[in-house]
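Here's the structure we're looking at; comments come further down.
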Amino acid sequence: MPILCKSNCGNKAVLKRPKTADALCKECFFAAFEAEIHHTITSSKLFRHGEKVAVAASGGKDSTVLAHVLKLLNERHNYGLELVLLSIDEGITGYRDDSLETVKKNRDDYEMSLKILSYEELYGWTMDRIVAQIGRSNNCTFCGVFRRQALDRGAKLLGVDSIATGHNADDIAETVIMNILRGDTARLSRCTDIKTGGSEDSIPRVKPLKYTYEKEIVMYAHYKKLVYFSTECVFAPNAYRGHARAFLKDLEKVRPSVIMDIIHSGEQLRFKDTVKKPTRGICERCGFVSSQQPCKACVLLEGLNRGLPKLGIGKKSKGDRMIANQEKEMALRDKANLVKNDF
Amino acid sequence: MCSIGEDDFGDEGGVHSMIPDVKTSQPQLSIDNDILCNKCKQPGATYKLAFREPECKECFLNYVRHKFRAALGSSKVLPKNANVLLVFDCSAQSLVLLDMLHHAQTQNTFKRLHCNATVLYIDDYQMHIDGECSPEYEKHLKDVQSTCSTYEHFDCYILPLVKTDTVNDLIFNLKYLPEEYSANVDKHKSQFKELLNCMRSLTSKQDFIKHYRSKVIGLAAKHFQCQFAFKADISSDLASDLLAAIALGRGGSAALDVALVDNRLDDDIKIVRPLKDLTEEEINLYVIAQNLKLLEQRSYGSDFGPSASLQNLTKAFVEDLQQNYSSTVSTVFRTGSKIASQMDEKSELCCVFCKSVLDYKDSNTLLAIEFSRIVSECGIKTEDISELSMEAHKHVEGDIEGRDLTKVCHACRNIYADSSNKDILLL
Ligand SMILES: [Zn+2]
Ligand SMILES: [Zn+2]
Ligand SMILES: [Zn+2]
Ligand SMILES: [Zn+2]
Ligand SMILES: [Zn+2]
């Protein structure tokens, strides 16, 4: 006896929705999945008619589904958006090469224009070369920091009104737990925001998949036969995120609604006035948004160029000491040269 | 590379690596009597905490007792000669609390802590026992009695955790525990079990018990005319309570779950956690130092394994961190102390069951949850999305299937939804 679709559409159910545990047919799942994202976009007022929106495209499942659904909803509900794909080439052989092919396929399938920006052209360094210099332990810091700024640079270049990223509900819940584990209250207080940035100097980032479960994204991509690149990051994520992720997956098995409940919890947290909040400003070196002077990207870049790649990985004071030491050494060497030249 | 990676670095740069504990082979309690105490320079420094120099027993006891006194003293929570209800639960930390409070009260006048304490054991052991009399239960009661009798300074009472509106008839002095106590418990017990069985998941049952227990503490405190109820939670308990609260959707009240003072109870009764800054290691050493006899403690559902409920999972997660990344547990605990409570405007805007501030107003996340439930049932027949959204909005506002849940918070609605007894929260 086949199970019928919960919506009484008369079809056989082919799947159980991870989010609600309802047995649905394929068509009803598509309808519910898309309606939810539309509902998120409208209830949180993510876009305005006539805006130009960059979809941050990595070739992975999240951004592929995001591009697909945004195009579809834009047409179905007449959002009046101009959608473009924005992709960052970090320069990782074997990972980015393949995923960029996927992004190019997205471009053709969805008839959107595509802008690819590389770390090479922005910073003069590829991730391959960075890894060669610093080893594998801290490279997610580099790729994270550079990527964040690269998207901002790309968005400015394209003149878009906002950047839509593929962060899904699992990512956000995971980030809430991660920020509790490492005691980062500043990020804890904003990691659940569906829209960030958007002050005079920064381009807003929006997360239309904030309430979409990762499992459903995979399911949607599967039944829609969307092409995506499924290799995980070749470098290990940081230990906090690793722990948070494993913990969240266990929690989800016990109670699937936990993902939404954690997001809700994160949004309800308030912080004591004594807790410092970082002030957002503009980096005086590169002109992009930052809570520090100079910004993280500039510090990391300086480290690479000075041959002190650990600069910016540790605390700022430590970094300052490293620079001071190096300058002292160089000054000594110069002096030595001077002495030599005297002879 | 991961697109979420960009959130992963802190303001301090990449100091986002969890630091595993360095395992020392040094035992906590060494037998070397020759080492001098770092504090008083006398031989016999046999007490060694991870972040302290070796010290003698007296200096160690002074140090941990000071933490207890400092917690109470720093915020001046306790007025002189206040009536205090010490909630005893058979855990090692509650033995320590009992011992410390006893010590603080038997000091000479200068150092004495001036308060009038009554000890209350909320007996949840009986929930694990089927039928009236069981030898292990009788033994358990004897053990509790004998522990309490060593602190003759205190009056010690027992109250079974059962379904009740008034605790007056259920509270007994442990010294004169009547024969019919277990029979009396049995009468009320079946009703309580029935209630628990209405809920499908252990997660809901444990969450229900936690808040019901608070309510019972409030009733008992009122019975003894105590304005304060001391609970023995230590930092690792609170780290796991914080994470559990987050997982249960109780972020709005999580601050009070881990604060020194929780003022959610009715009649202006305050729950106080004077041991909140103590660690498991300090508790263990204190137990050794004072030669305290550990009791068997059983909490509902803890023997069903880590994956039986969100709370069990969280507890196991924190225990695992404690084993390998103990500094992360302290960080979680400290994160908890940076969260502000929303209770400042204490008002009628509180949940009828857990007494936390209602948390559903203007929540797009809760709207998304409700919308999800509704749209799943409509599938391709979805015509007017804004109509479904209106319906979802009504649910968020507490109008669900004709029931009025306007005074129930989100997490308690999860208990409600999980229960076949729709009056469960109105107890
Ligand atoms: Zn269907
Ligand atoms: Zn900069
Ligand atoms: Zn990465
Ligand atoms: Zn000493
Ligand atoms: Zn509640």
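Chains X and V, in that order, give the protein sequences.
Under the working numbering, the letters of the first sequence match residues 17 to 359, in that order.
Under the working numbering, the letters of the second sequence match residues 31 to 457, in that order.
Just so you know, even glycine gets a beta-carbon here, dropped at the ideal spot from N, CA and C.
Quick check on DSSP: helix, strand or coil for residue i?
i	result
X/LYS87	helix
X/ALA255	helix
X/ARG337	helix
X/THR212	strand
V/PRO84	coil
X/GLU300	coil
V/LEU324	coil
V/ASN146	strand
X/ASP113	helix
X/ASN195	helix
V/GLY43	Any reading at V/GLY43 must be qualified, since the residue scores a pLDDT of 40, below 50, and its modelled position is unreliable; the value itself is stated next. Correct three-state label for V/GLY43: strand.
V/TYR167	helix
V/MET48	coil
X/LEU101	strand
X/ARG261	helix
V/ASN111	coil
X/ILE132	strand
V/ALA441	helix
Let's test the definition: count the other Cβ atoms within 10 Å of the Cβ of residue i and tell me whether it reaches 16, buried, or not, exposed.
i	result
X/PHE49	buried
V/LYS385	buried
X/ARG64	exposed
V/GLN137	exposed
X/ARG198	buried
V/CYS70	exposed
X/VAL243	exposed
V/SER406	buried
X/LYS172	exposed
X/GLY214	exposed
X/PRO18	exposed
V/ASP392	exposed
V/ALA80	exposed
V/MET420	exposed
X/GLU230	buried
V/LEU418	buried
V/ASP333	exposed
X/MET362	The question about residue 362 of chain X has no answer, for chain X in this structure spans 17 to 359.
X/PHE158	buried
X/GLU103	Reading off the sequence shown, one finds Ser at residue 103 of chain X, where the question assumed Glu. Looking at its Cβ environment, which holds 16 or more other Cβ atoms inside 10 Å, X/SER103 is buried.
X/GLU345	exposed
X/GLN284	buried
Which one or two residues does DSSP pair with residue i in a beta bridge?
i	result
V/PHE118	V/TYR151
V/ASN203	V/TYR187
V/CYS380	V/VAL387
X/ALA360	Residue 360 of chain X falls outside the range modelled here, since chain X spans only 17 to 359, and no answer is possible.
V/ARG433	V/ILE430
V/PRO73	V/LEU66
V/ASP216	None; V/ASP216 has no bridge partner.
V/ILE247	Its beta-bridge partners do not exist; DSSP assigns none.
V/ASP292	V/ILE301
Apart from the five residues on each side of it in sequence, which residues of its chain come closer than 6 Å, Cβ to Cβ, to residue i?
i	result
V/ILE188	TYR151, ASP153, PHE202, LEU204
X/CYS90	For the record, residue 90 of chain X in the displayed sequence is Asn; it is not Cys. LEU97.
V/ASP448	MET229, ARG230, SER231, SER234
V/GLY103	none
V/GLU310	SER266
V/LEU191	ILE152, ASP154
V/ARG280	ALA441
V/VAL174	TYR151
For residue i, I'd like the list of residues in its chain whose CB is within less than 7 Å of its CB, leaving aside the five on either flank, ordered along the chain.
i	result
X/ASP124	none
V/GLN327	ASP119, CYS120, SER121
V/ALA112	CYS145, GLN257, PHE258
V/GLY331	LEU232, LYS235, GLN236, ALA338, SER339, ASN342
Kindly list the residues whose CB is nearer than 8 Å to the CB of residue i, restricted to its own chain and excluding five residues on each side of it in sequence; keep chain order.
i	result
V/ILE454	LEU225, CYS228, MET229, PHE238, ILE445, TYR446
V/GLN56	Here the model assigns V/GLN56 a pLDDT of 46, short of 50, so the residue's position is not dependable, and the following value carries that caveat. For V/GLN56, where only same-chain residues beyond five positions count, the Cβ hits under 8 Å are LYS78.
Item checked: Quiz: which residues have CB nearer than 7 Å to ligand 2 non-hydrogen atoms -> Ordered along the chain, residues surrounding ligand 2 are X/CYS299, X/ARG301, X/CYS302, X/PHE304, X/SER306, X/PRO310, X/CYS311, X/ALA313, X/CYS314 [Cβ under 7 Å from any heavy atom].
Item checked: Exercise answer, beta-carbon shell around ligand 1 heavy atoms below 7 Å -> So the residues near ligand 1 by this Cβ test are X/CYS21, X/SER23, X/CYS25, X/ASN27, X/LEU40, X/CYS41, X/GLU43, X/CYS44, V/GLY409, V/ILE410.
Check: Relative to ligand 4, what is the chain-ordered list of residues with a Cβ closer than 6 Å to any of its non-hydrogen atoms?
Finding: With 6 Å as the limit, the residues whose C-beta approaches a heavy atom of ligand 4 more closely than that are V/CYS67, V/LYS69, V/CYS70, V/GLN72, V/GLU85, V/CYS86, V/GLU88, V/CYS89, in chain order.
Notebook entry, point to check: When a residue counts only if its C-beta is closer than 5 Å to some heavy atom of ligand 5, which residues count, in chain order?
Noted result: Checking every Cβ against the heavy atoms of ligand 5 under 5 Å gives V/CYS381, V/PHE383, V/CYS384, V/CYS439, V/CYS442.
Item checked: Residues from the stretch 411 to 442 of chain V in contact with chain C, defined by Cβ distance under 7 Å -> Chain labels in this structure do not include chain C; the protein chains are X and V.
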